[in-house]
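In the working numbering, the protein residues as written are 1 to 287. Ideal Cβ positions, reconstructed from N, Cα and C, are used throughout, including at glycine.
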Amino acid sequence: MLGALVAAALVFAPADAHLARETANGLVSRYTPRDGGTEEGRWAAVFIRDRAVESGLKASLDRFEAETETGRRTFANVEGVWQGDSPDAPWVVFISHFDTKPGVSCPGANDGASTTGLLVALGRCVVRQRPSGVNVLFLWTDGEECRRAYGPKDGFWGSRHAAAKLKASGRQVLGVFCLDMLGDRNLEISVPANGSPALRRIVHRAAESLGLKNRVRDRAYNVRDDHQAFLDVGFRALDLIDFDYGSAPGLNDWWHTEKDTMDKVSEKSLLTAGRLCLAVLGQFRKE
Ligand SMILES: [Zn+2]
1 MLGALVAAAL VFAPADAHLA RETANGLVSR YTPRDGGTEE GRWAAVFIRD
51 RAVESGLKAS LDRFEAETET GRRTFANVEG VWQGDSPDAP WVVFISHFDT
101 KPGVSCPGAN DGASTTGLLV ALGRCVVRQR PSGVNVLFLW TDGEECRRAY
151 GPKDGFWGSR HAAAKLKASG RQVLGVFCLD MLGDRNLEIS VPANGSPALR
201 RIVHRAAESL GLKNRVRDRA YNVRDDHQAF LDVGFRALDL IDFDYGSAPG
251 LNDWWHTEKD TMDKVSEKSL LTAGRLCLAV LGQFRKE
């Protein structure tokens with residue numbers, strides 16, 4: 001009987017990493033550019049919604065209008081829901097943006113697409129393995145990138161919309177994890193300073209359980225990313241980002257350039273990131 005009481009660890013397998021990369025590749029090859037608030041961006045959202053459905057998630061588009069510096073635009077987030085046996089269970093949220101940076105001819109293979117694919121694969125794992133005690137929301141955000149400079153009418157449109165909507169839903173949320181640029185073939189995961197200490201502890205415990213302690217580092221600096229919108233309305237949130245993406249350590253010279261292409265996105269890195277995310281989810285079952 002003891003065996004039945006010990007929950008099996010959630011598994012993110014090489015086949016899941018393959019699905020993550022294939023999905024990213026499909027997005028980049030068919031929907032570049034996919035800038036926030038554009039028709040191409042909304043078609044990219046349809047593509048992601050369809051992949052999320054294939055993963056077994058209950059997935060839908062959330063179209064909304066928002067003010068930009070060039071007038072009102074229509075954006076589309078994608079929501080993918082998995083609910084277990086207890087609908088009242090608290091929620092864990094995983095986010096990735098999918099849009100490209102306007103004006104710089106950047107395909108966003110690592111920045112946007114890699115973690116978009118990762119979320120699709122994580123969704124399939126959760127549907128098949130049914131973690132107990134939690135419900136999971138996967139959220140693909142439109143319009144993370146700013147057109148000129150971040151401000152009230154520029155950038156983070158999708159995350160601000162989603163954070164307000166989640167707040168209004170009254171759902172109990174244990175944590176919001178924003179994933180960004182984690183397909184980098186030289187994966188080093190940073191945890192920026194602007195994040196919830198409780199979630200930071202959970203991520204480090206999860207990393208330690210996988211022997212990945214030296215791949216996940218706390219940083220003293222803040223990073224502007226989608227998690228901030230959730231922090232701003234009172235949720236626990238954390239960013240997991242590889243912000244050293246370039247031809248040599250410290251240069252970050254592939255970020256927001258035409259060099260952010262699929263050859264820099266590695267299945268092995270997505271495997272590591274996916275294992276970490278499921279270990280994070282597993283931590284909540286023990287709390
Ligand atoms: Zn970016």
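Judged by DSSP secondary structure, glycine 80 falls within the beta strand (DSSP E) whose first and last residues are 71-82.
No residue range can be given for arginine 148, since it is assigned to no beta strand (DSSP E) and is classified by DSSP as neither H nor E. Nearest to glutamine 129 by alpha-carbon distance, out of Thr116, Met262, Ala9 and Asp35, is Ala9. Taking non-hydrogen atoms of ligand 1 into account, the C-beta of histidine 256 is found less than 7 Å away from one of them. The beta carbon of tyrosine 31 lies closer than 7 Å to those of Glu40, Trp43, Ala44 and Phe47 in the same chain, with the five residues before and after it left out. Looking at the backbone, the Cα of proline 197 and that of leucine 278 are separated by about 19 Å. Judged by pairs of C-beta atoms under 8 Å, the region 152-161 does not touch the region 206-222, as fewer than three such pairs exist. In the structure shown, the three-state DSSP call for glutamate 188 is coil. If you compare the alpha carbons of Pro87, Tyr245, Glu144 and Tyr150 with that of aspartate 226, the shortest gap goes to Glu144. The region 168-180 and the region 89-97 touch, with no fewer than 3 CB-CB distances between them shorter than 8 Å.
For glycine 175, DSSP records a beta bridge to Val92. Annotation for tryptophan 43: the continuous alpha helix (DSSP H) segment containing it runs 39-54. Contact between threonine 141 and alanine 24 does not hold, since the beta-carbon distance rounds to 16 Å and is not under 8 Å.
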